Every structure is written in C-alpha cells, then in structure tokens.
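Novice: Residue numbers (my numbering): 182 to 594. Virtual Cβ for every residue (Gly too), placed ideally from N, Cα, C. Since the structure is predicted, the reported quantities are computational estimates derived from the model, not experimental observations.
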Amino acid sequence: MTTCKLSELFSPAFYDVHRQIKAGKATELVAKGGRGSAKSSYISLELILLLLRRPDCNAVVVRRVDKTLRTSVYAQVCWAIGALGLSAKFKCTVSPMECTYLPTGQKIFFFGLDDPGKLKSLKAPHGYIGLLWFEELDQFDGPEQVRNVEQSCLRGGPDAFTFKSFNPPPSARNWANRYAREERPGKLVHHSTYQTTPPAWLGPRFLADAEHLQKANPTAYRNEYGGEVVGSGTAVFENLALEPIPDEQLAAFDRRLYGVDWGWYPDPWAFNGVQYDAARGTLYIFDELTRRRTSNRDTASLLLDRGLTAADWITADSAEPKSVQDYKAYGLGCRAAKKGPGSVEAGMKWLQSLARIVIDPARCPDTAAEFSEYEYERDPRSGEVLPGYPDLNNHHIDAVRYATEVIWKRRGA
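This is the structure:
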C-alpha cells in the first residue's frame with residue numbers, strides 16, 4: 182500500500198468517522214452533506230480499507246440508474262485504489278463492471294437498480310458480500326427498495342457494513358431526510374460541507390461558484406453547498422434546531438410544562454414535555470410519548486411512571502372533558518386547554534415567532550419529524566401558498582401548543 186498517510190487522503194471532517202468504524206463502533210454510515218464535502222471520496226477509501234481487513238468479504242456499490250455508474254462510483258473507487266497505491270493489485274474492468282483484488286479474488290461489484298433481478302441472483306465467487314454502498318440515496322424509490330437490496334446482498338457472512346451517501350433534498354418530507362433522522366443501533370450519521378474540505382482539493386473555480394451562489398441565492402446555497410434541508414418555500418417552522426439537549430441542561434429545567442393531544446386510532450395519543458427560556462426566546466422540547474389505541478388509564482400510567490404528579494402542569498385538548506377528568510382521578514395535574522376562536526392561529530404564530538425551537542431528535546423523534554415536515558398547503562392549480570395551518574400530521578405540534586398555552590395566552594400573542 183502507498184506510504185501516503187491516510188490523513189492526507191481523508192478530509193479532516195472524516196477523521197473521527199474513520200476511527201469509529203475502525204474500532205467497530207458502527208455498522209452503517211449515513212453520510213450527508215453538500216457539494217464538495219468529500220463524502221464520496223472518503224467512502225471509496227474506507228470501502229477499500231474494510232475490504233482488505235476482511236479477506237473473505239466482497240462489496241457491492243449501487244446507484245439508482247445503471248448508466249450513471251461508470252462516471253461516478255466506478256471512477257471514484259478506481260481513484261481510491263490508485264490513491265492507496267494498490268493499482269498493481271487490482272484488476273478493474275467495465276464489462277463486467279467490477280474491481281478484483283488479485284491476491285484474494287475479492288470483488289467490488291457495481292449495479293444500477295434498473296434491473297433489480299441482477300442483485301437477487303448475485304453470487305460472489307469467493308466468500309460473502311459484507312460491504313454495501315448506496316450512492317445518491319435520495320434517488321432510490323424509498324426505504325423498502327433499499328431494504329430489499331440489503332436483504333438480497335448482505336447474507337451469509339459474519340458481519341456487514343453499509344454506506345449511504347446523499348446530498349439532502351430541500352424538503353424535510355423526502356424519505357432520505359427522514360431516514361437520516363431515525364435512530365437505530367450501529368447507525369452513524371455524519372454531515373459534512375465543502376468548508377471542511379482542504380481548499381486546494383476544490384480549486385478556485387469551485388470556491389468562486391459557491392461564494393457567488395451564497396450572495397445571489399442564500400437559500401439555494403444553504404441546500405446545495407451546505408447540505409441543509411431548507412424546505413420548499415412552504416415550511417411553517419423555519420426556527421427549528423434539531424440537536425441533543427445535554428443531560429446537565431435537562432436536569433436544570435425547573436419550569437417544565439406538559440401537553441397532551443388525546444387522539445384515537447388512526448390518530449395517535451401524543452404527549453410532550455417542554456421548557457421555555459424567555460430570555461433567549463427559545464423553546465426546548467425534551468420529552469415525548471406516542472401511542473395508538475391506548476386507554477386513558479394506560480397513558481396515565483406512562484406519565485406516572487415518568488414521575489409526573491398532581492403538582493405538574495399538564496394541559497390537554499379540551500375536546501375530551503372526560504379524559505381530562507380521568508387523568509385527574511388517576512393523580513395527574515391535568516387541565517383542559519382554553520382554546521376559543523383564533524386560539525390555533527395564536528398558538529402557532531407564537532411558536533413561529535420564537536428565536537429557536539430546540540427539539541432533541543433522539544428523545545423526541547416523532548416530534549422532530551412533525552415539526553420538520555409541517556408545511557403550508559399550496560393551491561393545486563395556481564401553486565400559491567394557502568392561508569391557515571393544515572390539520573394533518575400535527576399531533577405533537579398540538580401537544581406542544583397546549584403545553585405552552587399558559588405562556589402565549591398570558592402574553593396576548
């Protein structure tokens with residue numbers, strides 16, 4: 182292998198990712214980011230390194246369309262082989278499109294999903310397939326298609342690793358953006374941008390184009406170069422921050438408020454815990470529960486198990502007075518939201534007016550998804566944004582609105 186240091190081949194943004202993978206702390210990497218973030222270069226290098234450390238392992242690299250393989254992932258893997266000083270030990274062909282490590286016969290296969298049957302019948306001549314890379318994840322049809330590929334390929338070996346890379350589309354509702362937000366054991370999600378890539382790797386033209394777009398169209402710049410989910414111009418909440426709330430900060434919350442949206446199948450029962458920092462105009466959403474077809478007694482037990490008592494301030498949807506009384510009978514400090522004409526608009530506008538709404542995505546995944554994906558509706562004919570707030574997929578939003586009613590009602594917002 183080349184005497185070149187890996188630190189000279191990896192963008193600095195990926196040093197820690199490499200250490201975690203080498204230490205066996207992850208079984209999947211979701212690498213998202215903007216243009217020039219060097220994520221594909223890093224993955225191609227890491228793919229080769231993992232292959233060499235597993236002599237019985239083969240790899241599959243997949244894109245949605247077959248015709249894009251040769252000039253993208255195939256060329257990228259060939260570059261990585263050369264950068265690692267391994268050109269003499271690999272045989273790379275385009276018909277069939279594969280790279281073979283000559284000392285062991287291990288192969289890297291390249292497929293487009295134009296013909297998914299090819300993957301179902303794939304059989305490595307030596308060992309098993311334990312490495313899989315989905316490039317441009319958002320271009321696949323959805324999680325089911327990706328899962329089918331994983332089930333077809335990753336079987337028969339002692340371990341497996343999957344890479345999934347993409348530039349986040351603008352809409353939070355895109356399935357790949359949703360997938361990146363989901364928590365699961367062994368899943369490492371990493372975000373990178375061109376700003377962590379050595380400038381010499383990008384060149385002056387790339388940097389000039391990025392600077393120009395930043396001035397000409399800041400929103401497009403944030404999406405294309407920053408890899409941000411900026412929405413499609415219809416996002417209701419543009420003040421979201423999906424980030425962990427440290428345990429020590431959570432322990433310091435001393436004015437906790439709670440909200441409940443009752444729901445019944447197919448609508449879920451939704452509960453949230455929040456803390457408002459008036460000095461900074463920031464609302465922290467630190468807790469959630471979501472259930473379906475669950476009785477008042479059982480959901481009350483969930484809250485009691487969380488330590489809530491009659492002394493806690495729980496505001497619930499007033500549409501079900503009996504449910505409010507049930508909670509009181511079970512020992513919870515529950516009160517009905519006051520609602521009234523214009524209450525939805527007042528509560529929503531107050532939430533939108535905040536400097537930040539911080540949602541811990543690990544503690545509150547359903548809430549993070551609702552707030553991120555909540556958008557104004559458009560007129561199907563004119564495309565104009567319609568007034569009002571859609572009453573759809575907003576159960577945790579309602580729970581948060583009820584929880585904070587005591588604040589925005591008092592403020593006259």
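1. Quick one, are the C-beta atoms of ASN420 and VAL581 less than 8 Å apart?
2. Which residue spans inside the stretch 438-515 form an unbroken alpha helix (DSSP H) run of at least 4?
3. How would you write the range of the alpha helix (DSSP H) that ALA416 sits in, first residue to last?
4. Within 10 angstroms of its Cβ, does TYR223 collect 16 or more other Cβ (buried), or is it exposed?
5. Should the stretch 386-400 be called in touch with the stretch 423-436, which here means at least 3 C-beta pairs below 8 Å?
6. Which one or two residues does DSSP pair with GLU556 in a beta bridge?
7. Which of the three DSSP states is assigned to PHE191 in this structure?
8. I'd like the span of the beta strand (DSSP E) that includes SER222, first residue to last.
9. Opposite VAL370 in the DSSP bridges: which residues?
10. Going by DSSP, what residue range makes up the beta strand (DSSP E) through THR343?
11. Quick check on DSSP: helix, strand or coil for ASN398?
12. CA-CA distance, SER563 and PRO351?
13. Please classify TRP382: is it buried, with 16 or more other beta-carbons within 10 angstroms of its beta-carbon, or exposed?
14. Can you tell me where the alpha helix (DSSP H) holding ASN329 begins and where it ends?
15. Measuring straight from C-alpha to C-alpha, what distance separates VAL441 and GLU392?
16. So the beta strand (DSSP E) GLN287 belongs to, where does it begin and stop?
17. If you count every other CB in all the chains shown that lies within 10 Å of the CB of ALA422, and 16 or more means buried, which is it?
18. To the nearest angstrom, how far is it from the Cα of ILE262 to the Cα of LEU231?
19. Indicate whether the contact test is met: 3 or more Cβ pairs, each with one atom in the stretch 200-214 and one in the stretch 269-280, closer than 8 Å.
20. Rounded to a whole number of angstroms, what is the C-alpha to C-alpha distance between GLY569 and GLU424?
21. So, under 8 Å CB-CB, SER534 and LYS520 are touching, yes? Tell me the CB distance rounded to an integer number of Å.
22. Taking the DSSP output, what are the residues bridged to TYR282?
23. In three-state terms, what does DSSP make of PHE387?
24. What first and last residue would you give for the alpha helix (DSSP H) that runs through ASN358?
25. Quick check on GLU565: does DSSP put it in helix, strand or coil?
26. Which first and last residues belong to the beta strand (DSSP E) in which ALA240 is found?
27. Which residue comes first and which comes last in the alpha helix (DSSP H) that contains GLU586?
28. Is it buried or exposed, GLU556, if we count other Cβ atoms within 10 angstroms and call 16 or more buried?
29. Drop a sphere of 10 angstroms on the beta-carbon of ALA256, count the other beta-carbons inside from all chains shown, and report buried for 16 or more, exposed for fewer.
30. Say whether the stretch 533-553 touches the stretch 499-515, bearing in mind that this needs 3 or more beta-carbon pairs closer than 8 Å, one atom from each stretch.
31. Could you pull the DSSP bridge partners for LEU535 from this structure?
32. Using the C-alpha atoms, what's the distance from GLU586 back to ALA549?
33. Tell me which residues share the same chain as ALA518 and place their Cβ nearer than 7 Å to its Cβ, disregarding the 5 neighbours each side in the sequence.
34. Residue range of the beta strand (DSSP E) that LEU423 falls in?
35. Taking contact to mean 3 or more Cβ pairs, one atom from each stretch, closer than 8 Å, check whether the stretch 374-381 and the stretch 343-358 are in contact.
36. Pick out whichever of GLN430, ARG354, PRO546 and ASP237 has its Cα sitting closest to the Cα of GLY337.
Specialist: The structure says:
1. Not closer than 8 Å, so no.
2. DSSP runs (the alpha helix (DSSP H)) wholly in the stretch 438-515: 477-486 and 502-510.
3. Here ALA416 belongs to no alpha helix (DSSP H), and DSSP marks it neither H nor E.
4. With 16 or more Cβ atoms within 10 Å of its Cβ, TYR223 is classed as buried.
5. The stretch 386-400, when compared against the stretch 423-436, does not touch it at the 8 Å Cβ threshold.
6. ALA416
7. coil
8. Element bounds for SER222: not the beta strand (DSSP E) but the alpha helix (DSSP H), 220-234.
9. Per DSSP, the beta bridge partners of VAL370 are VAL211.
10. 342-347
11. coil
12. So the alpha carbons of these two residues sit roughly 21 Å apart.
13. exposed
14. First-last of the alpha helix (DSSP H) with ASN329: 324-334.
15. Going from the Cα of VAL441 to the Cα of GLU392 covers about 46 Å.
16. 287-293
17. Answer is exposed; the Cβ neighbour count stays below 16.
18. 13 Å
19. no
20. 28 Å
21. Wrong, their Cβ atoms sit about 20 Å apart, outside the cutoff.
22. PHE271 and GLN287
23. Three-state result, PHE387: helix.
24. Taken as a continuous stretch (DSSP letters only), the alpha helix (DSSP H) holding ASN358 covers 356-362.
25. coil
26. Looking at the DSSP string, the run of the beta strand (DSSP E) that includes ALA240 is 238-244.
27. 586-592
28. buried
29. exposed
30. no
31. Paired residues: none, contrary to the question.
32. 20 Å
33. THR496, ALA497, ASP498, SER499, TYR583 and GLU586
34. 421-423
35. Too few Cβ pairs lie closer than 8 Å, so no.
36. ASP237
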